[in-house]
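With the first letter of the sequence shown counted as 1, position 228 gets the number 227 in numbering that gives the first Met the number 0; the numbers rise by one all the way through. A virtual CB, placed ideally from N, CA and C, is assigned to each residue, including glycine.
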Amino acid sequence: MVRKTAWKILHNLAQIKRELILLLTMALLFSAILYIFHFSFKPSMPPENMFDAVVNQMRSYYITACGHSGNGNQNTAKQTTATAAPTVTKHISLHYHVAHPLNYHFILDEPDKCSQWDPFLVLMVPVAPHQLEARNAIRSTWGNEITVKGKAVMTLFLVGLTGGSDSEKAQQQLEEESRQHRDLVQSNFVDSYFNLTIKTMVIMDWLATRCPQATYVMKIDTDMYLNLGNLMTLLLAPNTPRDNYITGVVMRDRSVIRNKNSKWYVSEELYPEPKYPTYLLITGYVFSNDLPEKIVEISKVIKAFNIEDAYVGACLKHLGIAPSSPPDPSQFRMHKGQYNRKVFLRIISTVVGSPQQIMDVWKDVKSSR
Ligand SMILES: *[C@@H]1O[C@H](CO)[C@@H](O)[C@H](O)[C@H]1NC(C)=O
0 MVRKTAWKIL HNLAQIKREL ILLLTMALLF SAILYIFHFS FKPSMPPENM FDAVVNQMRS
60 YYITACGHSG NGNQNTAKQT TATAAPTVTK HISLHYHVAH PLNYHFILDE PDKCSQWDPF
120 LVLMVPVAPH QLEARNAIRS TWGNEITVKG KAVMTLFLVG LTGGSDSEKA QQQLEEESRQ
180 HRDLVQSNFV DSYFNLTIKT MVIMDWLATR CPQATYVMKI DTDMYLNLGN LMTLLLAPNT
240 PRDNYITGVV MRDRSVIRNK NSKWYVSEEL YPEPKYPTYL LITGYVFSND LPEKIVEISK
300 VIKAFNIEDA YVGACLKHLG IAPSSPPDPS QFRMHKGQYN RKVFLRIIST VVGSPQQIMD
360 VWKDVKSSR
C-alpha cells in the first residue's frame, strides 16, 4: 500500500517535470522570437540598449492600452482607443526615450495658425495649465504685438495635462480658453517641473511639424518682460544668421548638480559627465527655425535628463552648433534687479515676476513713448 502510493507520487512528479520542461522550452522559443522581431524592427539599436528598449516597449504598450496613440504627427484633436491598435508596431519602432516628442500627441492644437499668419517670429511660452492669470498678462502685453517693424509675430502657449482632483473641470476650462483665444497647444504628458524637458521637446516638435515657415522663434517664460522692438532689431540686423543660430544668456562650463535635495539634481546615470555643454538659460532664448527639426531628430540618440536648457545644449553640441553670444549680452538680463525705465527701453528680455508686475512694467515702458 505504502509502496503503491509512493510510486504514484513519483509518477506524478515525473509528469510535472515533463510539463515544466515543455513550458520552459516554449518560454525560450517565445523570447527568441521577440528578440528576432526586435532587431528586425530596430536595426540600428545597439545590444547594450536592449534593456531600455524592452522598458520602452512595455511603456508603449501601456500608453497604447490607455488610448494614447502617441504619434507627434497626428493633428486630430482627440484620439480614440479604436485607432490605437494599428499604430502599435509603428509606435514601438519610433520612440526613443521619455522626452522624445514621438511619445506624445496634441490634445489642443493650432495646426493651421502658421499658414494663416505666416509669422516671421513665433513666441513659444511654456506654462502650467492652471496659470491663466500669467497667460492673460502676456496676452495684454508683449503677446499682443502682432506686427513689429513690419514683421508678423505670433504667440502660443504650451501646456501639458491638467492634473489634480479637478482635472476634468480644468480641462474643460482650458478648452473654453482655447476656443476664445486660439493660442493654446496642449500635449498629453504629465505637466510638472521635472518634465520641462518634455515640454521643450514638444515645442520643438510643434515648430517642426506645424510651423516650418517661420524664420525665428523665442522660447520665453511667463515671468519675463520682452521688448519686441529690440528683439526685432537684432533679428533683422544683416549679420544675424538665419540658420543654425541660437542666442540668449549663454551658460558656459556649468557643473551638474549632484545634491539630491536640489531641484536641479541630475543623477550620474542620466548624465554622467561633470559639466554641461554650453547652453542658453531657460528663461528666454532665441533661435532660427531650422533648429527645431534638427533638435528633434538628434535627440533620438541623446538620453533625456530633466534640465531642459542643458538638454537642448547637449543636442546642439551633437549637431555641432555653437550658441552665439548676443551682440550686446546685457540685452538678455539674467537677474531680476530693480525696475528702471531707461534700462527696459534698451534691453530685449529680463525676469520681472508676477503677472501684475509684468503689466505694470509694460504700461510704464509704453507710456514713455
Ligand atoms: C513626466 O511625464 C511622463 C509622461 O507623461 C510621466 O509618465 C511622468 O510621471 C512624469 N514625471 C513627473 C515627475 O511628473
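| Item | Value |
| --- | --- |
| Reduced DSSP category for Val351 - H, G, I as helix; E, B as strand; rest coil | coil |
| CB contact flag (Asn229, Ile347, <9 Å) | yes |
| Closer than 8 Å: Leu101 CB and nearest ligand 1 heavy atom | no |
| Any non-hydrogen atom of ligand 1 closer than 8 Å to Leu107 Cβ | no |
| Residues passing the C-beta test against ligand 1 heavy atoms, cut-off 5 Å | Phe188, Val189, Ser191, Phe193 and Asn194 |
| Helix, strand or coil at Val126 according to DSSP, with G and I counted as helix | coil |
| Euclidean distance between Cα positions of Thr277 and Leu23 | 52 Å |
| Contact check, Leu280 vs Val249, beta carbons under 9 Å | yes |
| Nearest to Glu296 (by Cα), restricted to the options Ala313, Met333, Asp165 and Gly283 | Ala313 |
| Which residues DSSP lists as bridging Ala151, in chain order | Thr146 |
| Reduced DSSP secondary structure (H/G/I, E/B, other) of Ile106 | strand |
| Segment contact flag, the region 156-167 with the region 122-140, C-beta cutoff 8 Å, min 3 pairs | yes |
| Three-state class that DSSP yields for Val248 in the structure shown | strand |
| Ile281 in three-state terms, based on DSSP | strand |
| Selected residue, minimal CA-CA separation from Tyr275, among Ala236, Val300 and His317 | His317 |
| Segment contact flag, the region 108-115 with the region 166-176, C-beta cutoff 8 Å, min 3 pairs | no |
| Own chain, CB closer than 8 Å to Lys262, minus 5 neighbours either side, in chain order | Tyr192 |
| Inter-residue Cα distance where the pair is Val152 and Val350 | 21 Å |
| Val255: first and last residue of the uninterrupted beta strand (DSSP E) it sits in | Unbroken run through Val255: none, as it is neither H nor E. |
| Between the CA atoms of Arg253 and Val189 - distance to the nearest angstrom | 28 Å |
| Asp363 to Lys218 span [Cα, whole Å] | 24 Å |
| Where Gln185 falls: helix, strand or coil (DSSP) | strand |
| The region 298-305 contacting the region 263-271, beta-carbon criterion three pairs below 8 Å | yes |
| Burial state of Lys198, where buried means 16 or more other Cβ atoms lie within 10 Å | buried |
| Proximity of Lys299 and Thr232 at Cβ, strictly below 9 Å | no |
| Of the listed residues Phe105, Gly142 and Pro237, nearest to Gln185 (C-alpha basis) | Phe105 |
| Nearest-angstrom Cα separation, counted from Leu27 out to Phe119 | 58 Å |
| Which residues DSSP lists as bridging Phe156, in chain order | Val124 and Leu183 |
| DSSP-derived helix/strand/coil call for Gln287 | Position check: residue 287 holds Ser in this sequence, whereas Gln was assumed. Strand. |
| Exposure label - Ala133; buried when at least 16 CB within 10 Å | buried |
| Three-way DSSP call (helix, strand, coil) for Ser323 in this model | strand |
| Span of the alpha helix (DSSP H), counted from its first residue to its last, around Ile219 | Ile219 -> not in any alpha helix (DSSP H); beta strand (DSSP E) instead, spanning Tyr215 to Ile219. |
| Cβ-heavy atom distance, Leu195 to ligand 2, below 8 Å | The model depicted lacks ligand 2 and carries ligand 1 instead. |
| Among Val124, Leu101 and Thr239, the one whose alpha carbon lies nearest that of Pro322 | Thr239 |
| Chain-order list of residues whose beta-carbon lies under 7 Å from that of Asn72 (same chain, five-residue window excluded) | Residue placement at Asn72 is flagged as unreliable, the pLDDT there being 39, under the threshold of 50; a coordinate-derived value is accordingly withheld. |
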